[in-house]
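Enquirer: Quick one: the structure is below, and I'll ask about it shortly.
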Amino acid sequence: MLAMAGLPIYIHAPFFYVQEYGVALGLLGTVLFVLRAVDFVQDPALGWLAARLGAWRGQATALAVLLLAGAMVMLFAVPPLFWPLAWFAIAITVLFTCYSFLTICFYATGAARGATLGQGGHVRLAAWRESGALVGVCLAAAAPVALEAITPVPFTGFALGFVLVALAAFWAMRPEWPRFKPDLSAVGPSFRDVLADPTARRLLAIALVNATPVAITSTLFLFYAESVLQTDGAEGPLLVLLFLAAAVSAPVWAQIAKRFGAKTALLGGMALAMGSFAFVLTLGAGDLTAFAIICVLSGFGMGADLTLLPAIFSRRMAELSPEAAQGFGLWAFVTKATLALAAIIVFPTLDMAGFEQGAANSDTALTTLVLLYAALPTVLKAGAFTLLALTPLKES
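In structure tokens:
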């Protein structure tokens, strides 16, 4: 459920509001960046709150789930009642505030549970958790495409279906929230403690640099597929293929990490994603088969990122304290900061290059789109690979 409300929204929502309501790319990117700036204060504060809720965490998550589902309906199922950009901003703010809070609680509970599972427990738990997340991403990517065949308003159907998934997910997780009740006299490391830890600080930096390429490619996927590859409706299945490959790869990376260590496995996944995605620079209109192969390979590599890096961070947080909510407040902020960077980099740049969605674009505009979609993420991925390679980590 959380995955359905996370990355897919940055794939679907900007494209949807540009296509349906004519929102300008530059304005959209600026608004997304400003809203993410709020997270600089909000996400660590949500981590502080989650650490102190104790027995009230279940009630708080229930409220957050209801607000999250309502924001999804507002974003996609209800036509804007006033200026579309302002409507979008309000819905996204509520949606991602609730998303952050629920993610913090979920990962903090996972950090505590993983510590009870023995050696390799965090990686095993992460394999299940991130496999579920990747299934959620696949569902969110595929649902609008599938619903187009049965309804003229596929995103309305997606939003209403999400409400049902959200309620089911909350019901399934109910027993977990009170399982690890924090000692309010010692709720775990403060933000300063987390940032003072060299390993945690380096992992946060790696997460920022490593996730930014995914944020950029996810934000631009539909624009690239439609305007450069000219997929003529095949962009939906290609998007599903990308995330399906990531989902299938998650348990594979968990086994590789078990044998060779999480860091070694993660470096291998990053190299695969980086090497395969660089070939996007060579593609043009109609190269769907080649792009599908790249989606499979880069998606497989992305599965290592989404499975192993959170597991490594969870293990470090558990070493600092059994109650890791505040650490995951910082993690949630870093994750969404990448989406902010993607928005402020790509949309205004495309706007200045004269790119228009759904129109015939100049060579300059299309070249700019390709460089942003493929070249920039590859360079950033190389930087993240170097940072990780230079970071000493336990391999057990």
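Take any residue in the sequence shown, note its place counting from 1, add 8, and you have its number in the numbering used here. Positions of the beta carbon are idealized from the N, C-alpha and C atoms, including for glycine.
Name the residue from Leu10, Tyr25, Gly276 and Gln67 whose alpha carbon lies nearest to the alpha carbon of alanine 77.
Expert: Residue numbering aside, residue 77 sits at position 69 when the sequence shown is read from its first letter. Cα-wise, what sits closest to alanine 77 is Leu10.
Enquirer: Give the DSSP-derived three-state secondary structure of asparagine 218 in the structure shown.
Expert: For the purposes of this step, residue 218 is taken as the residue at position 210 of the sequence shown. Residue state, collapsed to three classes: helix.
Enquirer: Taking DSSP as the reference, what is the three-state secondary structure of isoleucine 158?
Expert: As a position in the sequence shown, residue 158 is number 150, starting the count at 1. Residue state, collapsed to three classes: coil.
Enquirer: Quick one: residues in its chain with C-beta nearer than 7 Å to the C-beta of serine 235, no 5 flanking neighbours on either side, listed in chain order?
Expert: As a first step, residue 235 is located in the sequence shown; it is residue number 227 there, counting from the start. For serine 235, where only same-chain residues beyond five positions count, the Cβ hits under 7 Å are Asn369, Leu374 and Leu377.
Enquirer: Would you mind giving the Cβ-Cβ distance between arginine 209 and leucine 216, rounded to the nearest angstrom? I have them listed as a contact below 8 Å.
Expert: As a first step, residue 209 must be located in the sequence shown, where it is residue number 201. As a first step, residue 216 must be located in the sequence shown, where it is residue number 208. That belief does not hold up - the Cβ atoms of arginine 209 and leucine 216 are roughly 11 Å apart, past 8 Å.
Enquirer: Specify, as a first and last residue, the run of the alpha helix (DSSP H) that methionine 80 falls within.
Expert: As a first step, residue 80 is located in the sequence shown; it is residue number 72 there, counting from the start. Its alpha helix (DSSP H) spans residues 65–84.
Enquirer: Short check: CB of phenylalanine 109 to CB of alanine 72, under 8 Å?
Expert: Translated into positions along the sequence shown, residue 109 becomes position 101. Translated into positions along the sequence shown, residue 72 becomes position 64. Yes, the pair counts as a contact, with Cβ atoms nearer than the cut-off.
Enquirer: Rounded to the nearest angstrom, how far is the Cβ of leucine 7 from that of phenylalanine 299, given a contact under 8 Å?
Expert: There is simply no residue 7 to check, as the chain begins at 9 and stops at 404 in what is shown.
Enquirer: Our contact map puts isoleucine 302 next to serine 284 with C-beta atoms below 8 Å; I'd like the distance itself, whole angstroms only.
Expert: On the sequence shown, position 294 is the one that residue 302 refers to. On the sequence shown, position 276 is the one that residue 284 refers to. Right, the Cβ-Cβ distance comes to about 5 Å (below 8 Å), so this counts as a contact.
Enquirer: Compute the beta-carbon to beta-carbon distance between alanine 219 and threonine 346, rounded to the nearest angstrom, for a pair I have assumed lies under 8 Å.
Expert: In the sequence shown, counting from the first residue as 1, residue 219 sits at position 211. In the sequence shown, counting from the first residue as 1, residue 346 sits at position 338. Their Cβ separation, rounded to whole angstroms, is 4 Å, which keeps alanine 219 and threonine 346 in contact under 8 Å.
Enquirer: What number of angstroms, rounded off, separates the C-alpha of leucine 396 from the C-alpha of phenylalanine 268?
Expert: Position 388 of the sequence shown, counted from the start, is the residue given in the question as residue 396. Position 260 of the sequence shown, counted from the start, is the residue given in the question as residue 268. The straight-line gap from Cα to Cα measures roughly 16 Å.
Enquirer: Evaluate glutamate 138 with the Cβ neighbour count: other Cβ atoms within 10 Å of its Cβ, from every protein chain shown; 16 or more gives buried, anything less gives exposed.
Expert: Locating residue 138 in the sequence shown gives position 130, counting from the first residue. The residue in question, glutamate 138, is buried, as its Cβ has 16 or more Cβ neighbours within 10 Å.
Enquirer: Round the Cβ separation of alanine 70 and cysteine 106 to the nearest angstrom and send it over; I've been treating them as touching at under 8 Å.
Expert: To locate residue 70, count along the sequence shown from 1; it is residue 62. To locate residue 106, count along the sequence shown from 1; it is residue 98. Rounded, the Cβ-Cβ distance is 11 Å, inconsistent with contact.
Enquirer: Go ahead and pull the three-state DSSP assignment for alanine 361.
Expert: What you label residue 361 is simply residue 353 of the sequence shown in a count that begins at 1. If DSSP states are grouped into helix, strand and coil, alanine 361 belongs with coil.
Enquirer: Could you spell out the range, first to last residue, of the alpha helix (DSSP H) harbouring alanine 270?
Expert: Against the sequence shown, residue 270 aligns to sequence position 262. Note, alanine 270: alpha helix (DSSP H), 270–285.
Enquirer: Relative to the C-alpha of alanine 390, which residue among Asp359, Gly294, Leu328 and Ile214 is closest?
Expert: For the purposes of this step, residue 390 is taken as residue 382 along the sequence shown, with counting starting at 1. With distances taken between Cα atoms, alanine 390 lies closest to Ile214.
Enquirer: Going by other Cβ atoms of all chains shown within 10 Å of its Cβ, with 16 needed for buried, is phenylalanine 90 buried or exposed?
Expert: The residue labelled residue 90 in the question sits at position 82 within the sequence shown. Classification for phenylalanine 90: exposed.
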